[in-house]
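Visitor: Dropping the structure in here first, questions after.
Protein chains: 4
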Amino acid sequence: MQSRTPAPRATGRPRSATADAAILAATREALVELGWSKLTLGDVAARAGVAKTTLYRRWAGKNELVVDAVAELFDELELPDCGTLAADIEGVVLQYAAILARPEAKSGLMSVVAESIHDEALRERIRCSIVERQKRLVLEGRARAEARGELPPESDPGEAARTIDLIFDMVAGTVVHRTLVSAQPADEEWVRGFARVLLLGLTSAGPR
Amino acid sequence: MQSRTPAPRATGRPRSATADAAILAATREALVELGWSKLTLGDVAARAGVAKTTLYRRWAGKNELVVDAVAELFDELELPDCGTLAADIEGVVLQYAAILARPEAKSGLMSVVAESIHDEALRERIRCSIVERQKRLVLEGRARAEARGELPPESDPGEAARTIDLIFDMVAGTVVHRTLVSAQPADEEWVRGFARVLLLGLTSAGPR
Amino acid sequence: MQSRTPAPRATGRPRSATADAAILAATREALVELGWSKLTLGDVAARAGVAKTTLYRRWAGKNELVVDAVAELFDELELPDCGTLAADIEGVVLQYAAILARPEAKSGLMSVVAESIHDEALRERIRCSIVERQKRLVLEGRARAEARGELPPESDPGEAARTIDLIFDMVAGTVVHRTLVSAQPADEEWVRGFARVLLLGLTSAGPR
Amino acid sequence: MQSRTPAPRATGRPRSATADAAILAATREALVELGWSKLTLGDVAARAGVAKTTLYRRWAGKNELVVDAVAELFDELELPDCGTLAADIEGVVLQYAAILARPEAKSGLMSVVAESIHDEALRERIRCSIVERQKRLVLEGRARAEARGELPPESDPGEAARTIDLIFDMVAGTVVHRTLVSAQPADEEWVRGFARVLLLGLTSAGPR
DNA sequence: AAGTAACCGAGACGGTACGTCACGTCTTTCG
DNA sequence: CGAAAGACGTGACGTACCGTCTCGGTTACTT
Chain C
17 MQSRTPAPRA TGRPRSATAD AAILAATREA LVELGWSKLT LGDVAARAGV AKTTLYRRWA
77 GKNELVVDAV AELFDELELP DCGTLAADIE GVVLQYAAIL ARPEAKSGLM SVVAESIHDE
137 ALRERIRCSI VERQKRLVLE GRARAEARGE LPPESDPGEA ARTIDLIFDM VAGTVVHRTL
197 VSAQPADEEW VRGFARVLLL GLTSAGPR
Chain V
17 MQSRTPAPRA TGRPRSATAD AAILAATREA LVELGWSKLT LGDVAARAGV AKTTLYRRWA
77 GKNELVVDAV AELFDELELP DCGTLAADIE GVVLQYAAIL ARPEAKSGLM SVVAESIHDE
137 ALRERIRCSI VERQKRLVLE GRARAEARGE LPPESDPGEA ARTIDLIFDM VAGTVVHRTL
197 VSAQPADEEW VRGFARVLLL GLTSAGPR
Chain U
17 MQSRTPAPRA TGRPRSATAD AAILAATREA LVELGWSKLT LGDVAARAGV AKTTLYRRWA
77 GKNELVVDAV AELFDELELP DCGTLAADIE GVVLQYAAIL ARPEAKSGLM SVVAESIHDE
137 ALRERIRCSI VERQKRLVLE GRARAEARGE LPPESDPGEA ARTIDLIFDM VAGTVVHRTL
197 VSAQPADEEW VRGFARVLLL GLTSAGPR
Chain P
17 MQSRTPAPRA TGRPRSATAD AAILAATREA LVELGWSKLT LGDVAARAGV AKTTLYRRWA
77 GKNELVVDAV AELFDELELP DCGTLAADIE GVVLQYAAIL ARPEAKSGLM SVVAESIHDE
137 ALRERIRCSI VERQKRLVLE GRARAEARGE LPPESDPGEA ARTIDLIFDM VAGTVVHRTL
197 VSAQPADEEW VRGFARVLLL GLTSAGPR
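So the protein sequences, as listed, match chains C, V, U and P. The numbering of the first sequence is our numbering, which starts it at 17 and goes up by one. The numbering of the second sequence is our numbering, which starts it at 17 and goes up by one. The numbering of the third sequence is our numbering, which starts it at 17 and goes up by one. The numbering of the fourth sequence is our numbering, which starts it at 17 and goes up by one.
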């Protein structure tokens, strides 16, 4: 969320801090009820009990607002130490699936990603606010696995980065596709199956 | 795609066949230039050299139109027999990636999927027009692999279906995420790495 | 309605005669229900059980159609010989009022007259089809009154024409205004009062 | 005219006062050029240099707008004291004729009256904004004539009202019919003739 | 009896205007 | 001086009719 306000002015009446929270909450609420395309800033302002101008003073448009509203959802992501790599993978997949099961995350995330295709600034904002926050978990997981000796330490840093990215795309992408496109629940059983395939693929020794 | 027209009437002036093609092409063109949110049906009609009413006579709205326009892109999907399962997997992933590299596919697909979250009918339309068409490739690939003896024949049909779905979600989801969210190209090298992990995960013997 | 058809061809299938009547009747019906501005030719065609093209083959547009539909109403105008000038005037005013009491006449007549202000051809059509048909009654009435000796024979033909026109404007205009603008019924009592004033004004000797 | 605005709010940006005048002027201009049926609110808005929405915020539709635009024309009506009843009648008829000679009055007035046949609210609006404003002149004229002794004071108030209404329908109706239906100018000579008949009819003693 | 020309219904077509909605900006008054 | 309220210009929406056109099929005159 970190500072939409370009410069913290000293003078005049300060901006209401509660308004921010109310607006983001109202945005998520509207996202659930209406979806991205039918969500209007006027409606969000009304739900938040705030004038439209107040909203425009803080965000540049619908996309920016929704990114911030959705990003807050990912603040709760955390990687519990389950003891084994397999369990850790299952854990993170389940957490990610839990967030994506919430309709405000589905509508919001997909829509802003779609919009970001034609908007570089938006893409950057998404990466900072949402994507990197998730990738952190993958990094942590790998570090733990290496510490436990489940994975060999990767000497080539470039290769390491590529692997991280691949894992991340596989985890996030597969869960999203299961949830949104196939419209099937990413429940525990499914997660176990997916995690098994993922783990095998990553740990099986094989020629490059 | 097949038949938006609910009933093929016998009487009256028949619908112009060329108009359909022009409209869908114009839709893809506009999708590339403007993206989903800035695409307007009036603009599409103008590009297609067609009246707005003609467009509304055939499609219920923006979403339906875009689904059909994007679905045509997937008609060219085909599974070349590359001789080995590994090569086949690489082949299909590459083909899918090639389609998703086109901006009209990116914008269009993501946006309608996002919209489909709040629209059951749209979700169904997407499944019929786009998803099933892709899943067919996975089925074919599996059948070939079994015929070659690369994969053991699956006796439990329920388990087989689950595996197919998982593979499909992994392939499509990962490619989409790589291409759209991570905004990195799904080039040949990446595809090789991904296919290797996927193949190892699927073929490694292991306890369920 | 004297020849909408520009040239009566000899060959081919002749136009359905019943269609004309059905269309004009449907027009009057629609005029009653909807009024001029909400009346659509498509709706009239549907009511008449006729294709829109059939309608356009016979009339150039809404105005022309309505003029013909309304003109038929005035065919029934007739001047009964009531024995005295006073009674004759009352009679013709009552007849005119009776026609104007019908809503299809009100909407239709006023609207086409309003349209005729910007359409010379339409004005001419109205004059031929409707106005002259009414003026005939005034002429007849005057002739009878002269024959009875109630009015002195007018020697100056120009002056005679001017008087006829004035009477006609007074009768038709006053009845229309009473009925449409004041929205009061032109009942027998009111007609008696109006006819008395009119008769006194016309017969009182006085310097020009 | 007086206040289309249902409630004069205190808060928010007030409505532009100049916009109202510009819109009504533009309406009259368009009425002259196009007539009622070809007049579009979009065109009026463009002429007035105003957004279409601004127009719809103030008026419910074309009819209401035209009534107000035409009503302003009748604000200038005034009864000059010409000294005699005959001169006063001539004066008011001439004034009314002068207004009706303006094409915006012709098209506008006739059309809204025609529309009012199917719209009670519109009829009421016309009565308030236009008709009553004219009837006032008749009342004034009668009062003056009585004061001068030209007309006997009417004891029965019901009969007085009926006479006023009759005179009003005769004056307004006849002038309208002359101007619009007969499409002849209501010039001074014609007015003199008409006023003479009217005066004789009203003042000649006669049995009821 | 066959040919054929004009009719008929149905309905798609390119248009124009509709009246509404949301946008993002602006001008007010109030706290 | 910020915030609410709400009017403003802009532009797309989806709909309704317009008047024209293409169909397949039907009549009634002509030969």
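Glycine included, C-beta positions come from ideal geometry on N, C-alpha and C.
Does Ala121 (chain V) come out as helix, strand or coil in the three-state DSSP assignment?
Guide: helix
Visitor: Between which two residues does the alpha helix (DSSP H) harbouring Glu205 (chain U) extend?
Guide: Glu204 to Thr219
Visitor: Gly258 (chain C) to Glu166 (chain C), Cα distance in whole Å?
Guide: Residue numbering for chain C in the displayed model covers 17 to 224; residue 258 (chain C) lies beyond these limits and cannot be assessed.
Visitor: Quick one: what's got a C-beta closer than 8 Å to Asp97 (chain V)'s C-beta in the same chain, skipping five residues either side?
Guide: Asp104 and Arg160
Visitor: Does the beta-carbon of Val83 (chain V), which I'm using as the reference point, lie nearer than 7 Å to any heavy atom of the ligand GTP?
Guide: This structure does not include the ligand GTP; it has no bound ligands of any sort.
Visitor: From C:Ala85, C:Ala117 and C:Val154, pick the residue whose C-alpha is nearest to that of Glu106 (chain C); which is it?
Guide: If we check each option's Cα against that of Glu106 (chain C), C:Val154 comes out closest.
Visitor: Identify the continuous alpha helix (DSSP H) that holds Gly65 (chain U) and give its terminal residues.
Guide: No alpha helix (DSSP H) contains Gly65 (chain U), which DSSP labels as neither H nor E.
Visitor: State the DSSP-derived secondary structure class of Pro96 (chain U), mapped to helix, strand or coil.
Guide: coil
Visitor: Quick check: Ala46 (chain C) and Leu40 (chain C), are their CB atoms within less than 8 Å of each other?
Guide: Inclusion of Ala46 (chain C) and Leu40 (chain C) in the CB contact set at 8 Å is not warranted, their separation being larger than that value.
Visitor: Hey, would you say Asp181 (chain U) sits closer than 8 Å to Thr190 (chain P), going by beta carbons?
Guide: no
Visitor: Closest Cβ-Cβ distance between Val192 (chain V) and chain C: below 8 Å?
Guide: yes
Visitor: Taking the continuous alpha helix (DSSP H) assigned at Lys54 (chain U), which residues delimit it?
Guide: DSSP places Lys54 (chain U) in no alpha helix (DSSP H); its state is neither H nor E.
Visitor: Can you pull the chain V neighbours of Val83 (chain C), defined as C-beta to C-beta under 8 Å?
Guide: In chain order: nothing, as chain V lies at least about 13 Å away.
Visitor: In whole angstroms, what separates the C-alpha of Val108 (chain C) from that of Gly209 (chain V)?
Guide: 22 Å
Visitor: Taking Leu218 (chain U) as the query, report the chain P residues whose CB atoms sit under 7 Å from its CB, ordered along the chain.
Guide: Val213
Visitor: State the CB to CB distance for the pair Ser145 (chain V) and Ala130 (chain C), rounded to an integer number of angstroms; the pair is presumed to be in contact (CB under 8 Å).
Guide: Ser145 (chain V) to Ala130 (chain C), Cβ: 18 Å. No contact.
Visitor: Return yes when the Cβ of Ala113 (chain V) is within less than 8 Å of the Cβ of Ala202 (chain V), no when it is not.
Guide: yes
Visitor: Would you please state the rounded distance, in angstroms, between the beta carbons of Gly157 (chain P) and Trp52 (chain P)? I believe it to be under 8 Å.
Guide: Actually they are not in contact, since the Cβ atoms of Gly157 (chain P) and Trp52 (chain P) sit about 31 Å apart, beyond 8 Å.
Visitor: Name the chain P residues whose beta carbon is nearer than 7 Å to that of Glu156 (chain U)?
Guide: Result: empty, since nearest Cβ-Cβ is about 19 Å, beyond 7 Å.
Visitor: Let me make sure I understand the geometry here. Which of V:Ala188, V:Gly217, V:Leu110 and V:Thr34 has the alpha-carbon closest to that of Val147 (chain V)?
Guide: V:Ala188
Visitor: Run down chain U in chain order and give the residues with a C-beta less than 9 Å from the C-beta of Pro119 (chain P).
Guide: Ile133 and His134
Visitor: For Thr21 (chain P), which of helix, strand or coil comes out of DSSP?
Guide: Low confidence applies to Thr21 (chain P): its pLDDT is 44, below 50, so where it sits in the model is not reliable enough to give any reading.
Visitor: By Cβ distance below 7 Å, which residues in the same chain neighbour Gly58 (chain C) in space, the five residues on each side in sequence not counted?
Guide: Lys68
Visitor: Compare the Cα-Cα distances from Leu81 (chain U) to each of U:Leu116, U:Ala62, U:Leu101 and U:Arg44 and report the closest residue.
Guide: U:Arg44
Visitor: Please classify Glu140 (chain V): is it buried, with 16 or more other beta-carbons within 10 angstroms of its beta-carbon, or exposed?
Guide: Residue burial annotation: Glu140 (chain V) is exposed, with fewer than 16 other C-beta atoms found within 10 angstroms of its C-beta.
Visitor: CA-CA distance, Ala117 (chain U) and Ile133 (chain P)?
Guide: 11 Å
Visitor: Compare the C-alpha of Arg74 (chain U) against each of U:Ala42, U:Ala64, U:Arg31 and U:Gln111 and name the closest.
Guide: Checking every option, the nearest Cα to that of Arg74 (chain U) belongs to U:Arg31.
Visitor: Can you tell which of V:Leu95, V:Glu136 and V:Ala102 has its C-alpha closest to the C-alpha of Gln150 (chain V)?
Guide: V:Leu95
Visitor: How is Ala26 (chain C) classed by DSSP in three states: helix, strand or coil?
Guide: Bear in mind that the predicted position of Ala26 (chain C) carries a pLDDT of just 47, short of 50, making it too unreliable to give a figure here.
Visitor: Quick one: is Glu175 (chain P) buried, meaning 16 or more other Cβ sit within 10 Å of its Cβ, or exposed?
Guide: exposed
Visitor: Would you say Ala42 (chain C) reaches chain V, if we count a Cβ-Cβ gap shorter than 8 Å as a contact?
Guide: no
Visitor: Return the CA-CA distance between Leu218 (chain C) and Gln111 (chain C), expressed in angstroms with no decimal places.
Guide: Taking the straight line joining both Cα atoms gives about 20 Å.
Visitor: For Gln18 (chain C), which residues of its own chain have a beta-carbon under 6 Å away from its beta-carbon, when the five flanking residues on both sides are left out?
Guide: Residue confidence is low: Gln18 (chain C) scores 42 on pLDDT, short of 50, so the model does not pin down where it sits. Its coordinate-derived value is still stated next. So the list is empty, once near-sequence residues are dropped.
Visitor: Is any beta-carbon of chain U found at less than 8 Å from that of Trp52 (chain P)?
Guide: yes
Visitor: Can you give me the Cβ contacts of Glu7 (chain V) inside the same chain, cut-off strictly under 6 Å, excluding the 5 residues immediately before and after it?
Guide: Given a span of 17 to 224 for chain V in the structure shown, any question on residue 7 (chain V) remains unanswerable.
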